[in-house]
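Numbering (my numbering), first residue to last: 233 to 744. The beta carbon of each residue, even a glycine, is placed where N, CA and C say it ideally should be. Model, not experiment: these values are computed from the prediction.
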């Protein structure tokens, strides 16, 4: 029998009929086979033991009075060597006492000769049910043991992987107790010695902001797979990034939390060095460029003599190139600030309507010169909390791009609408559009759309990257939709000013 296989069927039951009378063996074999049992006959006790040595059975119908080896002797051997086999004693008249004695030694039941066939089949059926239950119970026990082994093996593997990670890992339960932490976390957090888990979180983690983050994760409902909190914490001279997320139980409520901690000190230092380098280079470039521009302006104004037409043209071109370089330097400085974590927090209630109107008035001359119609509409305007100078950069870039990439006779439309707690600004054009494979890349630094019609358009590929950085620094988002050869729409979504914020300006440039 295969105890770890599928459920036991009646046809899986093997019955050994042991009796020295051939007619009884034949009759029982025929009856049991008709009921679906597999039957093996044996004429004496020695034959029984020989059969069991080769092929174990489930049930034995055992006659007590047999030659060579009696039923009592067979019962003792079977009970000792094959305790799982069910033995039913077959006894003649006058041997009831012996049969009862055999049951005391482990026999399941007894049948008297001449036996009543329905009664015999009832006893055999009960024995078969008992055997099937035993086999099923053994199979379940073996599966349980195997599952426990697999679980222990999986836990061992998981612990090995976690312990070898370079990043720190910490798991807490819903009672704010640490139930798992790896050596990397102990090293990052400066924890020494063995730590018995579960252990209270507070003595192990000293950073109050991280403790409050984990408390918040455990107390609020989860919002899905993207529900995590990323934060930077300072410890001694190190800067650590902690990413915490809930561990959901069967009811989709937080049963605990997992926090991964990474040492980002080197990356912060490199970022600062890069920002310092950009600032230094930009400053060193800007000073001589301003001087050159001033000298060119002196020449253009005729203070050093009259210029001919060709000289005037060359100097005008040179001045334009200097302006482009100055714009590039400004963009590089702004992007360096954003990447260094410096977000614009000169937050004052700002009217986008007037700000965009001013931008359009500035751009309208160039749009008309290019043959592009520039229109504007505003519905239900609301204030946004923003830095007006930075917002001006955003819409200058978007509207300027829309004009650049629109053909003669094209149209650029700017629309401002209120959408719930947000204000949306759409800048749409009827230009060349952007291929779908290009869309995910357009906000990357220095990336420019490759198109035959855009080769003559001058640019650095920094504008949209800067726009995205400014918008996200203002807790907003930017979206883009485009159809090749039909046009493109950029949509900037910014939080509207709440009533309590309407009279609360904030100034300065702060670290995020």
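Checklist entry - For residue 470, which residues from the same chain have a beta carbon less than 8 Å from its beta carbon, with the 5 sequence-adjacent residues on both sides left out? => result Locating residue 470 in the chain shown gives position 238, counting from the first residue. Excluding residues within five positions, the ones whose Cβ falls inside 8 Å are 420, 495, 497.
Next on the checklist: Extract the residue ranges of the alpha helix (DSSP H) inside the region 550-619, only unbroken runs of 4 or more that lie entirely within it.
Outcome noted: Those alpha helix (DSSP H) runs which fall completely within the region 550-619 and span 4+ residues are 584-602.
Checklist entry - What are the boundary residues of the alpha helix (DSSP H) that residue 420 is part of? => result Position 188 of the chain shown, counted from the start, is the residue given in the question as residue 420. According to the DSSP assignment, residue 420 belongs to the alpha helix (DSSP H) that extends over 415-420.
Checklist entry - If we ignore side chains and look at the alpha-carbon of each, how far apart do residue 430 and residue 411 end up? => result Counting from one through the chain shown, the residue named residue 430 turns up at place 198. Counting from one through the chain shown, the residue named residue 411 turns up at place 179. Rounded to the nearest angstrom, the two C-alpha atoms are 5 Å apart.
Next on the checklist: Does the region 478-491 come into contact with the region 385-405, if we say contact requires no fewer than three beta-carbon pairs (one atom in each stretch) closer than 8 Å?
Outcome noted: Here the region 478-491 lies against the region 385-405, with 3 or more beta-carbon pairs under 8 Å apart.
Item to check | Whole runs of the alpha helix (DSSP H) within the region 255-304, excluding any shorter than 4 residues | outcome: Residue ranges of uninterrupted alpha helix (DSSP H) with 4 or more members, entirely inside the region 255-304 and ordered along the chain, are 277-286.
Checklist entry - Taking the Cβ atom as the reference point for each residue, do residue 658 and residue 645 lie within a distance shorter than 9 Å? => result Against the chain shown, residue 658 aligns to sequence position 426. Against the chain shown, residue 645 aligns to sequence position 413. Going by beta carbons, residue 658 and residue 645 fall inside the 9 Å limit.
Checklist entry - Do residue 486 and residue 442 have their CB atoms nearer than 9 Å? => result For the purposes of this step, residue 486 is taken as residue 254 along the chain shown, with counting starting at 1. For the purposes of this step, residue 442 is taken as residue 210 along the chain shown, with counting starting at 1. Not closer than 9 Å, so no.
Next on the checklist: Can you check which of these residues, 292, 302, 253, 315, is closest to residue 356 by C-alpha distance?
Outcome noted: Start at 1 with the first residue of the chain shown, and residue 356 comes out as number 124. For residue 356, the closest alpha carbon among the candidates 292, 302, 253, 315 is that of 292.
Item to check | Residues bridged to residue 529 [DSSP beta-bridge criterion] | outcome: Position 297 of the chain shown, counting from 1, holds the residue named residue 529. DSSP lists no bridge partner for residue 529.
Checklist entry - Leaving out five residues before and five after residue 489 in sequence, what residues of the same chain have Cβ atoms less than 8 Å from its Cβ? => result Start at 1 with the first residue of the chain shown, and residue 489 comes out as number 257. 403, 404, 446, 449, 450, 476, 477, 478, 479, listed in sequence order.
Item to check | Euclidean distance between Cα positions of residue 539 and residue 533 | outcome: Translated into the one-based positions of the chain shown, residue 539 becomes position 307. Translated into the one-based positions of the chain shown, residue 533 becomes position 301. The straight-line gap from Cα to Cα measures roughly 9 Å.
Checklist entry - Anyone know if the C-beta pair for residue 547 and residue 528 falls short of 9 Å? => result Taking the first residue of the chain shown as 1, we reach residue 547 at position 315. Taking the first residue of the chain shown as 1, we reach residue 528 at position 296. Cβ distance < 9 Å, so residue 547 and residue 528 count as in contact.
Checklist entry - So is residue 388 buried or exposed if we call it buried at 16+ other beta carbons inside 10 Å? => result In the chain shown, residue 388 corresponds to position 156, counting from 1. That one is exposed.
Checklist entry - For residue 605, which residues of its own chain have a beta-carbon under 6 Å away from its beta-carbon, when the five flanking residues on both sides are left out? => result Within the chain shown, the letter at position 373 stands for residue 605. In its chain, beyond the 5 residues on either side, 643 have a beta carbon closer than 6 Å to the beta carbon of residue 605.
Checklist entry - Straight-line CA distance for residue 501 to residue 507? => result As a first step, residue 501 is located in the chain shown; it is residue number 269 there, counting from the start. As a first step, residue 507 is located in the chain shown; it is residue number 275 there, counting from the start. Taking the straight line from one Cα to the other gives about 10 Å.
Next on the checklist: Considering only their Cβ atoms, is the gap separating residue 702 from residue 566 smaller than 9 Å?
Outcome noted: What you label residue 566 is simply residue 334 of the chain shown in a count that begins at 1. What you label residue 702 is simply residue 470 of the chain shown in a count that begins at 1. Yes, the Cβ-Cβ distance between residue 566 and residue 702 is below 9 Å.
Checklist entry - Leaving out five residues before and five after residue 271 in sequence, what residues of the same chain have Cβ atoms less than 7 Å from its Cβ? => result Position 39 of the chain shown, counted from the first residue, corresponds to residue 271. If the five residues before and after residue 271 are omitted, its C-beta is found closer than 7 Å to the C-beta atoms of 247, 249, 261, 264, 265, all from its own chain and listed in chain order.
Checklist entry - For residue 714, does the count of other Cβ atoms within 10 angstroms reach 16, so buried, or fall short, so exposed? => result The residue labelled residue 714 in the question sits at position 482 within the chain shown. With 16 or more neighbouring CB atoms inside 10 Å of its own CB, residue 714 falls in the buried class.
Checklist entry - So what does residue 654 bridge to, in DSSP terms? => result As a first step, residue 654 is located in the chain shown; it is residue number 422 there, counting from the start. Residue pairing by DSSP puts residue 654 in a beta bridge opposite 651, 727.
Next on the checklist: Quick check: the region 607-615 against the region 627-639, are at least 3 beta-carbon pairs closer than 8 Å?
Outcome noted: As far as the Cβ criterion goes, the region 627-639 does not touch the region 607-615, which means the pair count is below three.
Next on the checklist: Taking 7 Å as the limit between beta carbons, can you name the residues of its chain near residue 639, skipping five residues before and five after?
Outcome noted: As a position in the chain shown, residue 639 is number 407, starting the count at 1. Cβ neighbours of residue 639 beyond the five flanking positions: 663.
Checklist entry - Would the region 272-280 and the region 301-317 be scored as touching if the rule is three or more Cβ pairs under 8 Å? => result Two segments are said to touch when three or more pairs of C-beta atoms, one from each, lie closer than 8 Å; by this definition the region 272-280 touches the region 301-317.
Checklist entry - Would residue 245 be called buried (16 or more neighbouring beta carbons within 10 Å of its own) or exposed? => result For the purposes of this step, residue 245 is taken as the residue at position 13 of the chain shown. Per the 10 Å Cβ criterion, buried.
Checklist entry - Alpha carbon to alpha carbon, how far is residue 512 from residue 697? => result Start at 1 with the first residue of the chain shown, and residue 512 comes out as number 280. Start at 1 with the first residue of the chain shown, and residue 697 comes out as number 465. The alpha-carbon atoms of residue 512 and residue 697 are separated by roughly 21 Å.
Next on the checklist: Need the endpoints of the beta strand (DSSP E) that residue 495 sits in, please.
Outcome noted: As a working note, residue 495 is residue 263 in the chain shown. First-last of the beta strand (DSSP E) with residue 495: 486-495.
Next on the checklist: Suppose you measure from the CA of residue 592 to the CA of residue 730; what does that come to, to the nearest Å?
Outcome noted: Residue 592 sits at position 360 when you count from the first residue of the chain shown. Residue 730 sits at position 498 when you count from the first residue of the chain shown. Roughly 27 Å between the two C-alpha positions.
Checklist entry - In chain order, what residues of the same chain have a beta carbon less than 6 Å from the beta carbon of residue 695, not counting five sequence neighbours either side? => result The residue you call residue 695 lines up with position 463 of the chain shown. So the list reads 629, once near-sequence residues are dropped.
Next on the checklist: As a quick exercise: from 505, 550, 600, pick the residue whose alpha carbon is nearest that of residue 523.
Outcome noted: What you label residue 523 is simply residue 291 of the chain shown in a count that begins at 1. It is 550.
Checklist entry - Looking at the structure shown, is residue 548 part of a helix, part of a strand, or coil, going by DSSP? => result Translated into the one-based positions of the chain shown, residue 548 becomes position 316. Per DSSP, reduced to three states, the secondary structure at residue 548 is helical.
Checklist entry - residue 275: which of 306, 288, 368, 634 sits nearest, CA to CA? => result Indexing the chain shown from 1 puts residue 275 at position 43. Comparing alpha carbon positions, the residue from 306, 288, 368, 634 closest to residue 275 is 306.
Item to check | Where residue 719 falls, given that 16 or more other Cβ within 10 Å makes a residue buried | outcome: Taking the first residue of the chain shown as 1, we reach residue 719 at position 487. Buried, because 16 or more other Cβ atoms sit within 10 Å of the Cβ of residue 719.
Next on the checklist: So the candidates are 633, 491, 390; which of them puts its Cα closest to the Cα of residue 460?
Outcome noted: Here residue 460 refers to the residue found at position 228 when the chain shown is read from its first residue. If we check each option's Cα against that of residue 460, 491 comes out closest.
Item to check | Burial state of residue 631 (16 or more Cβ within 10 Å) | outcome: Here residue 631 is taken as the residue at index 399 of the chain shown, counted from 1. Buried, by the Cβ-count rule.
Item to check | residue 206 versus residue 334: straight-line alpha-carbon distance, rounded | outcome: Residue 206 lies beyond the residue range present for the chain, which begins at 233 and ends at 744; the question has no answer from this structure.
Next on the checklist: Suppose the cutoff is 8 Å on Cβ atoms and the five residues either side in sequence are ignored; what does the same chain contact list for residue 320 look like?
Outcome noted: Numbered from its first residue, the chain shown carries residue 320 at position 88. So the qualifying residues of the chain are 291, 292, 293, 294, 339, 340, 341, 342, 343, 355, 356, 359.
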